Amino acid sequence: MATTTITPRSAGAASARRASGFGLALTAFFAILRRDVVVTQREFIAFLMQVLIQPLFFLFIFGKVLPQIGLASDGFSALLLPGIVSLTTMLAAMQGVALPLVLDLGYAREIDDRLLAPMPRLLVALEKTLFAALRGVIAGAVIFPLAWWILGSQYSVRTDQIPALIGLLILTALMGATLGLVLGVLVKPEQIGLMFSLIMTPLLFTGCTFFPWSGLSSIKWFQIVTLFSPLTYASEGLRYAMTPAVQIAGHTVTLATLDMRWVLLALVVSIIGFFFLGAWKFIRRVVS
Amino acid sequence: MATTSSLMSANTSQAPASPPLAIEVRDLVKRYARATSNAVDDVSFHVGRGEIFGLLGPNGAGKTTTIGVLTTFVRPTSGYIRVMGEQLSRGAQSIKQRIAVVPQVSNLDRSLKVREILTFHAAYHGVPRREREQRADALLDQLGLGDRKNEKVTAYSGGMVQRIMIARALMHAPDILFLDEPTNNLDPQSRLFLWERIRELNAEGLTILLTTHDMEEADQLCQRIAIMDHGKVLVNDTPEQLKKIIPGGTALELRVRAAEGVAAGAAAADSTDRVLAALRALPGVTQVDELHASVEAPSSPAPAGPWGGGAGSGGSGESGGDLPDERGVATYRLYAEDVSALIGAAAQAALAVGAEVRDLRVQRPSLENVFIYLTGRNLR
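Here the protein sequences line up with chains R and H, keeping their order. Residue numbering for the first sequence follows the working numbering, starting at 904 and increasing by one per position. Residue numbering for the second sequence follows the working numbering, starting at 83 and increasing by one per position.
In structure tokens, the structure reads:
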């Protein structure tokens, strides 16, 4: 054991040392991204179950059972589906960064090894956020085959807005991930339960998930409240990109949604705002 | 980063040519937000390349905070710091490439297998794939972990976790290794194994800075030691020189019980004073202290996390003042040029003031005794 040396002076490590700061940071960034890919890949089934059980039941009860027993109209599932997609995408992205970060900064400190990598610490926060967003997009995308299977003939999604749909899915995921970053650095491990009831639940029910925003015109105060939930813009955006026009009395009627310009503005502003707040707090948590 | 500017600008032009230092710390101060005192209070020291340097002191002395600053996890309030010739305030990214850190508490990535922990760490530091895989296998073998490299770490014992963290630290061939209380809570066998590895690594040229509250560890491993207490460096020298700090090199330790009538209540303090006065009056005595077990009170409300300091784990309590038989018993240390000549006189002096001598012994030179001499307190 003692005959060999423990620290062979390595050519590779030495050359890595000489590499430019930027190149090194980039290498480190992709290495921590690859770590997340490897870990998620290994628990992919668990990941899918974690994010898909809830939407599965939402779709089944609200999209299938309620219309079938006459408590909801037939067209409801077409309005519901975009809301479920936005909710699932956002929650998956949010949980993908918030939960691990709360535990990591709280006591596990597994992130310390990555914080010692030769790159600005902001990039560690950025990687966490981007990867969580990727998880969100995957979760949102999987909803489509799931909905097709559960809703059967009630499944209807317009196909002429696919690029907009993809773009909105990505923005929704980024919004969830950046919000998750904020929660991840602000919430302490013992407050996780509180986070779910105080933040997730209100967010879920004010996010225009189960109803279109325009339908709230008779409850004006609540319609205004929903405008403060970033999920509202995600849901309305996806509703625009997914809900097909319907024929009513010979007329083609498209669903009235929030103006797309407001949707995009609100999503982009949320993403930027949440990210900078989260990254700032992140740095303050990891460097005392 | 808020550091003083005059020193910094004066030193940016040229790296010091001779002698190349691994670590240079000047006037380091760290005060945590909302703290009432400095966790690190005007500390200066340097570590030469290839040296094993120890920061020795009780919990809450500021050792972990000092390491936190040097490893870029704690922002200094003020001070001037260079690591491998690079100024900390501007070269954090390249410094991170040249240092490695083994923290007090495991922070191993529990989602990965042991071998992956090593290879990913190297990947974070830009070590090419082929090389990182070879290094991981070699290190795992050398640290006796080869047969369990495809397990996750949840099932590992404290000693194994420590070895994995050391193997991980070495993956990117650092110049300086920081070990924060490396053998704290390890069984004696793991402790010896680790000491052996630390010596080997140092023999291969690695600079090592370790913190410990274990005097023996500091004495065994370190070429130079800074003794810290309450955020300050009290002394900084080789173990041999430090032991010479005690006049005459030895101390006489007396355990005495106060006279029956005054054993309890407020009179106990009075008895202590009388014993102290009697001992101090002996010819040739340079110093007499009453020993107090060190109270574990971190000096600042440090934030959570391994760099916040104050992960408490005291050793065996020695005072035992609550045992009925130990009530009224106090321990005194007496320093003189030749303490052995004072054994009889000291016992008589204690008896003369009505105290009962329970134990009397000559303490050989040790770092523990140096610490007690400097602070009047036990380390644990």
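Glycine is no exception: its CB is placed at the ideal position from the N, C-alpha and C atoms. These numbers come from a predicted model, not from an experiment.
- In the structure shown, the three-state DSSP call for S1100/R is helix.
- One finds nothing in chain R with a Cβ atom closer than 7 Å to the Cβ of V122/H; even the nearest lies about 12 Å away.
- Under the Cβ distance rule, R1038/R does not count among the residues neighbouring chain H, no pair being separated by less than 8 Å.
- At a cut-off of 8 Å, the C-beta of D352/H has no neighbouring C-beta in chain R.
- In the assembly as shown, S980/R is a buried residue. Its beta-carbon has 16 or more other beta-carbons within 10 Å.
- The distance from the Cβ of V370/H to that of R440/H is about 17 Å, inconsistent with a contact at the 8 Å cut-off.
- Taken through DSSP and simplified to helix, strand or coil, G1079/R comes out as helix.
- Shown here for L1054/R: same chain residues with a beta carbon closer than 8 Å to its own, the five before and five after excluded, namely L962, G966, K967, S980 and L984 in chain order.
- Considering only beta carbons, no part of the stretch 1039-1061 of chain R lies closer than 8 Å to chain H.
- Any Cβ of chain H closer than 8 Å to the Cβ of G924/R would place that residue at the interface, and such an atom is present.
- Listed along chain H is no residue with a C-beta nearer than 7 Å to that of I1095/R; the closest approach is about 15 Å.
- For T930/R, the nearest beta carbon of chain H is closer than 8 Å to its own beta carbon.
- When G1176/R, V942/R, G1079/R and I1095/R are compared, the shortest CA-CA separation from L1107/R is found for G1079/R.
- Rounded to the nearest angstrom, the Cβ distance from T159/H to K112/H is 5 Å, consistent with a contact under 8 Å.
- DSSP places H295/H outside both helix and strand once states are collapsed to three, so it counts as coil.
- Counting C-beta pairs closer than 8 Å gives three or more between the stretch 293-304 of chain H and the stretch 261-273 of chain H, which meets the contact rule.
- The C-beta separation of V1040/R from M1145/R comes to about 15 Å, leaving the pair out of contact by the 8 Å criterion.
- Under DSSP, D441/H forms a beta bridge with R337/H.
- D223/H: member of the alpha helix (DSSP H) spanning R211 to Q224, first to last residue.
- Between A1020/R and chain H, the shortest Cβ-Cβ separation is below 8 Å.
- Annotation: the continuous alpha helix (DSSP H) that includes G1140/R extends over P1133 to M1145.
- Secondary structure of F1113/R (DSSP, three-state): coil.
- The beta-carbon of V111/H is placed no less than 8 Å from the nearest beta-carbon of chain R.
- In the three-state reduction of the DSSP assignment, A418/H falls in the strand class, which pools E and B.
- At a Cβ-Cβ threshold of 8 Å, S976/R and A1137/R do not count as neighbours.
- Along the stretch 157-188 of chain H, going in chain order, the ones with a CB nearer than 9 Å to a CB of chain R are R157, A174, Q175, S176, I177, K178, Q179, R180, I181, A182, V183, P185, V187 and S188.
- Annotated as proximal: G139/H and I309/H, with beta-carbon spacing under 8 Å.
- F933/R and R157/H have their alpha carbons spaced roughly 27 Å apart.
- Taking 8 Å as the CB threshold, E1013/R lines the interface with chain H.
- Less than 8 Å divides the Cβ of F127/H from the Cβ of V107/H.
- The beta-bridge partner set that DSSP reports for G130/H consists of L103/H.
- Here V129/H is buried, its C-beta having at least 16 other C-beta atoms within 10 Å.
- In the structure shown, the three-state DSSP call for L1074/R is helix.
- Distances from the alpha-carbon of G1140/R to those of V1000/R, W1116/R and S923/R put W1116/R closest.
- Excluding its 5 nearest sequence neighbours in each direction, L1049/R has C-beta neighbours in its own chain below 8 Å: L955, P958, L959 and L962, listed in chain order.
- Counting the other CB atoms within 10 Å of its CB gives Q430/H a total below 16, which places it among the exposed residues.
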